[in-house]
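Following: one structure in C-alpha cells, then a few remarks.
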Amino acid sequence: MYGVESTAHVDIAAEMRERAGAFLRYAADVEPLVRRPAIEAVGLFLGDGDLAVRTLAHRLTAENGIVERLLVVRTMAGLPARLPSTRPAVTVWLDALADDVTDPPIDTPTRLAALTYRAFASSDRIDADLVPRATALLREITRTPGAVELCDGCRRCRSKSYVRGRETPPGPRAEHLAATCFDPHHPWPEHSPISSVLRSLHAALGDRAADRAALLTEQLTSADTATRYDAIEMAKDFPGSLPKT
Numbered sequence: 206m207y208g209v210e211s212t213a214h215v216d217i218a219a220e221m222r223e224r225a226g227a228f229l230r231y232a233a234d235v236e237p238l239v240r241r242p243a244i245e246a247v248g249l250f251l252g253d254g255d256l257a258v259r260t261l262a263h264r265l266t267a268e269n270g271i272v273e274r275l276l277v278v279r280t281m282a283g284l285p286a287r288l289p290s291t292r293p294a295v296t297v298w299l300d301a302l303a304d305d306v307t308d309p310p311i312d313t314p315t316r317l318a319a320l321t322y323r324a325f326a327s328s329d330r331i332d333a334d335l336v337p338r339a340t341a342l343l344r345e346i347t348r349t350p351g352a353v354e355l356c357d358g359c360r361r362c363r364s365k366s367y368v369r370g371r372e373t374p375p376g377p378r379a380e381h382l383a384a385t386c387f388d389p390h391h392p393w394p395e396h397s398p399i400s401s402v403l404r405s406l407h408a409a410l411g412d413r414a415a416d417r418a419a420l421l422t423e424q425l426t427s428a429d430t431a432t433r434y435d436a437i438e439m440a441k442d443f444p445g446s447l448p449k450t
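This note's numbering numbers the first residue of the sequence shown as 206 and each following residue consecutively.
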C-alpha cells in the first residue's frame, strides 16, 4: 500500500504565518527564554519584509544580553534567503555593524557576528582582509580570561575529596567553565556565546585551509578558557593538520 505525501509542514508554516503578530509581541517579552524563539520566528514566518527588518533592528538596540544580540544578527542575516526584497536593507545594516559606523556604537561580539554572517550569506565577501579583521575582533573580545564559575559541589569535585575511603580536608572551590548551551540547535554544548559565530565563519571559509588555520590558531591560543575549549571541538573538523605554534 502506497503512502500519502505529508503536507503537515506546509500546513503548519501557513498557520504560523497567521500568528506572526503574536511573535512580534513575544519578541519584546521581558523573559529572555520567550524572546529568543520569538526573534527566530520573526525571521522565519513574518511575511512583511520591511516590518521584519525594522523589528529585528529595534531588537538589537533593545537587547542587553550577548546571546540575544547575536541571535538577532543571525536572524537578520537569514532574512534575504526567505524574503529576497530585504537583501539591500539587510546588507547595509550588517556592513554598518561590522564597520562600527552605527550610532550608538555596537559591542565587539556583535560586530564579529555581523562580519561573519555577511560573509556567510554572500561568497563575494570572502576577501583577503576577512580573517585578519575577524581575528582582531576575536582577540579584542577574549583579551581578558573569563567564562569560569566556582564549583557548587558537583559530583566530579566531591569524588576528589575521598582518598581510599578517607575524606580529605576541603580545599578551595574549583573553577569550572561557565557551561551554558548558547546554541540549542548545535549537538554539543558550547561554552562561549561567540562559538556559534566562529563555526559559521569556518563554514563560510570552506576549503580555505590557510585562513581557517589562522582563525583556529587564534581560538586555540585565546586567553579565554571557554573559547579555547570550544576550539578543540572545532579543530576536529579541520581539513588537515594545524601548523605548530
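Ideal placement from N, C-alpha and C gives every residue a C-beta, glycine not left out.
All values derive from a computational prediction rather than experimental measurement.
Query, Result
"Would a C-beta distance cut-off of 8 angstroms place F228 and L265 closer than the cut-off?", "no"
"Out of P242, V239, W298, state which residue places its alpha-carbon closest to the alpha-carbon of D255.", "W298"
"Ignoring anything shorter than 4 residues, give me the alpha helix (DSSP H) runs that lie fully in the region 313-353, in order along the chain.", "313-326, 335-346"
"For the alpha helix (DSSP H) holding S405, just list the boundary residues, first then last.", "400-410"
"Run through DSSP, which three-state label would G283 get?", "helix"
"Pull up the distance between the alpha-carbon of S397 and that of D435, whole angstroms please.", "7 angstroms"
"Using only CA atoms, which one of V336, R279, A262, A324 lies nearest to D308?", "A262"
"Ordered along the chain, which non-local residues of its own chain (more than five positions away) have a Cβ less than 7 angstroms from that of A419?", "V336, T340"
"Residues in the same chain with beta-carbon distance under 8 angstroms from R433, minus the five sequence neighbours each way, listed in chain order, please.", "Q424, L425, T426, S427"
"If you compare alpha carbons, which of A246, T280, P237 is closest to E268?", "P237"
"Just checking my contact of V247 with A257 at CB under 8 angstroms: how many whole Å lie between their CB atoms?", "6 angstroms"
"Among residues of its own chain, excluding the 5 on either side of L421, which ones have a beta-carbon nearer than 8 angstroms to its beta-carbon?", "H407, A436, M439, A440, F443, L447"
"Decide if T430 is buried, meaning its Cβ has at least 16 other Cβ atoms within 10 Å, or exposed.", "buried"
"Using CA coordinates, which residue listed in T296, R316, A225, R279 is at the minimum distance from E451?", "Any answer about residue 451 is impossible in this case: the structure gives the chain only from 206 up to 450."
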